[in-house]
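Numbering (the numbering used here), first residue to last: 380 to 457. Quick reminder that beta carbons are idealized off the backbone N, C-alpha and C, glycines included. Presented below is the structure to which this report refers.
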Amino acid sequence: MFLEIISPEKTVYSGEVVLVQLPGVMGSFEILKNHAPMIALIEQGKAKIIDENRKLFYLDVNEGIVEVKNNRIRVLMS
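Next up, the structure:
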């Protein structure tokens with residue numbers, strides 16, 4: 380899956396991942412390969428990411444939206 384996390388100032392992250400966990404407004408949720416298409420609101424918190432090399436790390440995210448479609452994840456933060 381390809382993940383992009385974008386703020387108004389810059390691209391925070393761009394790369395291949397195997398798992399993304401985001402802080403949704405109704406609770407945390409995970410996105411794995413072949414996830415159904417969706418658009419959701421996220422709130423400020425930590426995004427858990429496992430990259431293609433199976434390295435686990437966390438990124439701070441602000442509130443915004445996430446779009447998932449065709450194994451491409453776009454996070455647009457305010």
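Arg-433 sits in coil when the DSSP states are folded into three classes, being neither helix nor strand. C-alpha of Gly-443 to C-alpha of Gly-403: approximately 9 Å in a straight line. Closest in alpha carbon position to Lys-434, among Val-396, Met-380, Met-405 and Val-447, is Val-396.
Val-447 has its alpha-carbon roughly 9 Å from the corresponding atom of Asn-413. Contact between Ile-384 and Val-454 holds: CB atoms are separated by about 4 Å, below the 8 Å threshold.
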